[in-house]
Each structure stands twice: as C-alpha cells, then as structure tokens.
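In my numbering, the protein residues as written are 29 to 387.
Even glycine gets a Cβ: it sits at the ideal position worked out from N, Cα and C.
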C-alpha cells in the first residue's frame, strides 16, 4: 500500500516540478549569452576581428568615428500618447583605424549623448578628428525591425545588396547593457532560474524517496498504529474522490494534499460537513469548489477537496454510516455549540459512544 501511495505522490509532484523546470530552463536560456559574456569579462572592441563579434560579449569601446544615426527608439505615454525619444542607433565600424578588414555595425546610445555623437558624425564626414567617447556595453544581434532600418540606411547611401551583405554585421553595441545594475539583474535571473531547476529536481527526488509519505507516517505513529495494519484498511476503504485518493475506511480516512499522503483516525473525528465556495473574478462567477470539512476531538480542522456536490454528499453519507459518533452537516446552532459550549457539542453524538465502539 505504501508503494502505491509513493507512486501517487511521485505522479502528483510532477506537474509542479515540470512547471518549475520549464520556467527555470527558460530563465537560464534567456540569460545564457549574458552569463557567458559576464564570465568572459570585458573585451576591447577594437581588438575583435569581424568573425569574433557575436552576442555573447561585453565590450569596452573607445569611439572615434561614427557615420550617422539610422534609427531612434522611443517610449510612449499611454495617457497622453506623447512620444519621447530614449535612445539613438548610430553606424560605426569594427577594429581600429589601421584595420583593413572591417565591417559596419551599430551602437545604441542614450539620447543624452546625441550632441556629442552628431559632432563626431560631422567630423567623420569631413575627415576631421573628434573627441573620443568611451562606452561599455553588450553586443546584441539586431531584431528583424532593427536590421530593416539598418539596411535602409545603406541602401539610401547607394550600397547594392551584395555590398551591404559583405560590408556589415547584424549586431550593435547596447551601451549600458550587462553593466552595473543590468549585470546584476542578468545574474539574478539566471541564478533564480537555476534555483527553480534545483527545486524541481528536489521535488521529484524527494517524492521518489518517499518524502510524500513522511506526514502519513508521523500521523500513523501519533495514532499508535503500525504500518502493517494499513494494507487491509486501505484496500477495504471506499474511494470517494479519485483525484486526491480520498478514501473512507472503518478506522482511517486516507487523502492526499498535493503530493503528500495523510490519514485521519476515525475515532478522533467529531464533526463533518460540506463547504461550497463560489469563485468570482471582477464580480463574474468563474467556478465552484467543494470540500469536506472535518474537525477532530482536539479541534484540529482538515479540509478535503471533492470534485462536486454529489461526491461531497456521498462522502458525508459514508461518514455517517461508518462513524455514527460524528455530527454530520452544518447548522449555525451546531457551530455555536462547538465554539461556545464544546462539552454540549460532544454530547450531541461523540460522548454517546464508548471508545471501544469506535472501531
């Protein structure tokens, strides 16, 4: 019987484990290139050959030249619909002034640097020296839209398709990315993803090692019962709800909460009733859930979910048949007695039976 419950525990643990695993892998995958770049450390952009440039690098660049702006990035106020430019994309080239093998690519800078970049662009156009600007950022592959504007810039400058393909790289330096707080965020996301993966593995391993049965074994010990007694009781119990293996036996109630198996000792149960909850979102009914609420002699409350009202009523009828000492059903007066006059509540049924009769 314990092996059956262990298998059920493993199966119950899988949905959550899979969700955590998928989320964790997704988070790590998103930041994988960023982590590679951070582990490698900053690289001097001027030292990179065209075929060494990729989106897993953080670079330091001393910019002496640029060839003008090809795209703006903006944000829009959703209330006023006003747009505000936040970043500008400029054309730069790879290597240094002595490199013969170079390509054109982009650099994304904050709009606050527009004046300095425009002065540099004008100086580049006139073959004049300009004040260099030092930047640090991550190399990012252009999106489809970004590449479209990048290509339009060169087409308007008179490049042919072949010349464009031969002379450019589909990357840009995203100034400020993977530096300071941005680097911390990337590390945080990757670490969080790794933690989710670890938790997913631990959930499955714990269930496979019988972790889902720990509560049941503690409850069994507290009830003074041996594991050897469980098989007959479990197999003879009436299944009331399949999804959580809710069973009512002569001595015990079996059920699962999540991936954990539990038991209740019938002789300790004093009250059971149905609770119905209507779920609403923005005032609209979205569903109804049902559960059996059970109280024991120590006033411990347990809620066991069932799939519908019919199942709930069947469970209460079974409790009434098997445990005649249990008050079945809810009334405000019964609740008042339970809260205010507990001994009177016990006199309703529980104290009418000798413990030896509670088999």
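Quick one: Cα of residue 102 to Cα of residue 339, how far?
Cα to Cα, residue 102 sits roughly 57 Å from residue 339.
Taking the alpha-carbon positions, what's the residue 247 to residue 86 distance?
Distance from the CA of residue 247 to the CA of residue 86, rounded to the nearest whole angstrom, comes to 56 Å.
State the DSSP-derived secondary structure class of residue 296, mapped to helix, strand or coil.
DSSP, reduced to helix, strand and coil, places residue 296 within a helical segment of the structure shown.
Spatially closest choice to residue 291 from 262, 312, 309 and 306, by CA coordinates:
The candidate whose alpha carbon is nearest that of residue 291 is 262.
Going by C-alpha to C-alpha distance, which of 98, 310 and 353 sits closest to residue 377?
Selected option, being the one with the closest Cα: 353.
Per DSSP, cross-strand counterpart(s) of residue 134
As DSSP reads the structure, residue 134 sits in a beta bridge with 119 and 200.
Which whole runs of the alpha helix (DSSP H) in the stretch 165–194 are 4 residues long or more, in chain order?
Correct list: 172–184.
Residue 95 by DSSP, collapsed to three states: which one?
Secondary structure at residue 95: coil, using DSSP grouped into helix, strand and coil.
What do you reckon, are the CB atoms on residue 165 and residue 139 nearer than 8 Å?
No. Outside cutoff.
Could you name the residues of the same chain whose beta carbon sits closer than 6 Å to that of residue 99, not counting the 5 residues immediately before and after it, in chain order?
Within the same chain, 117 and 177 come within 6 Å of residue 99 by CB-CB distance, once the 5 residues on both sides are set aside.
Report yes or no: do three or more beta-carbon pairs, one from the stretch 328–335 and one from the stretch 348–362, lie closer than 8 Å?
The stretch 348–362 and the stretch 328–335 do not touch, with fewer than three beta-carbon pairs separated by less than 8 Å.
Within the stretch 330–370, note down every full alpha helix (DSSP H) run reaching 4 residues or more, in order along the chain.
Taking 4 residues as the shortest admissible run, the stretch 330–370 contains the following complete alpha helix (DSSP H) segments, listed from N- to C-terminal end: 337–350 and 360–368.
Tell me the rounded alpha-carbon separation between residue 258 and residue 270.
Distance between the alpha carbons of residue 258 and residue 270: 19 Å.
Nearest neighbour of residue 324, chosen from 298, 333, 302 and 170 [CA to CA]:
Residue 324 has its Cα closest to that of 298, out of 298, 333, 302 and 170.
In whole angstroms, what is the alpha-carbon distance linking residue 283 and residue 274?
Between the C-alpha atoms of residue 283 and residue 274 there is a straight-line separation of about 4 Å.
If you draw a straight line from the alpha carbon of residue 230 to that of residue 218, how long is it in whole angstroms?
Going from the Cα of residue 230 to the Cα of residue 218 covers about 18 Å.
Across the stretch 147–167 and the stretch 83–97, are there enough close Cβ pairs to call them in contact, namely three or more that are closer than 8 Å?
Under the Cβ criterion (8 Å, minimum of three pairs), the stretch 147–167 counts as touching the stretch 83–97.
Suppose the cutoff is 6 Å on Cβ atoms and the five residues either side in sequence are ignored; what does the same chain contact list for residue 72 look like?
Non-local C-beta neighbours of residue 72 in its own chain, meaning closer than 6 Å and more than five positions away in sequence, comprise 88, ordered along the chain.
Is any heavy atom in the ligand COA found nearer than 7 Å to the beta carbon of residue 322?
Only the bare structure without any ligand can be found here, which leaves the ligand COA out of the picture.
Using the rule of at least 16 other Cβ atoms within 10 Å of the residue's Cβ for burial, across every protein chain shown, is residue 183 buried or exposed?
That one is exposed.
Look at the alpha carbon of residue 194 and the alpha carbon of residue 74, and state the distance between them as a whole number of angstroms.
Approximately 19 Å, taken between the alpha carbons.
Buried or exposed for residue 373, going by 16 or more other Cβ atoms inside 10 Å?
It is buried - the Cβ of residue 373 has at least 16 other Cβ atoms within 10 Å.
Please state whether the Cβ-Cβ distance between residue 222 and residue 52 is less than 8 Å.
Contact: yes.
For residue 159, which residues in the same chain have their Cβ closer than 7 Å to its Cβ, ignoring the five residues on either side in sequence?
Once the five neighbours on either side are set aside, residue 159 has no close Cβ partner at all.
Checking the sheet assignment: what are the DSSP bridge partners for residue 262?
DSSP, once it has assigned bridges, lists no residue as partnering residue 262.
Residue 317 lies in the beta strand (DSSP E); which residues open and close that run?
Run containing residue 317: 312–324, per the beta strand (DSSP E) assignment.
Express the C-alpha separation of residue 78 and residue 19 in angstroms, rounding to a whole number.
In the structure as shown, the chain starts at 29 and stops at 387, and residue 19 therefore has no counterpart that could be examined.
My output table needs one value for residue 303: the three-state DSSP class, helix, strand or coil.
In the structure shown, residue 303 sits in a strand (DSSP, three-state: E or B).
Given residue 137 as reference, the closest of 153, 154, 119 and 123 once Cα atoms are compared
The alpha carbon of residue 137 has as its nearest neighbour, out of 153, 154, 119 and 123, the alpha carbon of 119.
Which of the three DSSP states is assigned to residue 163 in this structure?
Residue state for residue 163 is assigned as strand, using DSSP reduced to three classes.
Member of 312, 306 and 90 whose CA lies at the smallest distance from the CA of residue 161
The shortest C-alpha separation from residue 161 is found at 90.
Checking 8 Å against the spacing of the C-beta atoms, do residue 11 and residue 95 come in under that value?
No answer is possible for residue 11: it lies beyond the span of the chain, which begins at 29 and ends at 387.
Cβ-Cβ separation, residue 289 to residue 276 (assumed contact under 8 Å), whole Å:
No, residue 276 and residue 289 are not in contact; Cβ-Cβ is about 15 Å, not under 8 Å.
Does the beta-carbon distance from residue 300 to residue 356 come in below 8 Å?
A contact, by the Cβ cut-off of 8 Å.
Euclidean distance between Cα positions of residue 153 and residue 147
If I take the Cα positions, the gap works out to 10 Å.
So which of 309, 97 and 306 has the shortest CA-CA distance to residue 185?
Across the set 309, 97 and 306, the C-alpha of 97 shows the shortest separation from the C-alpha of residue 185.
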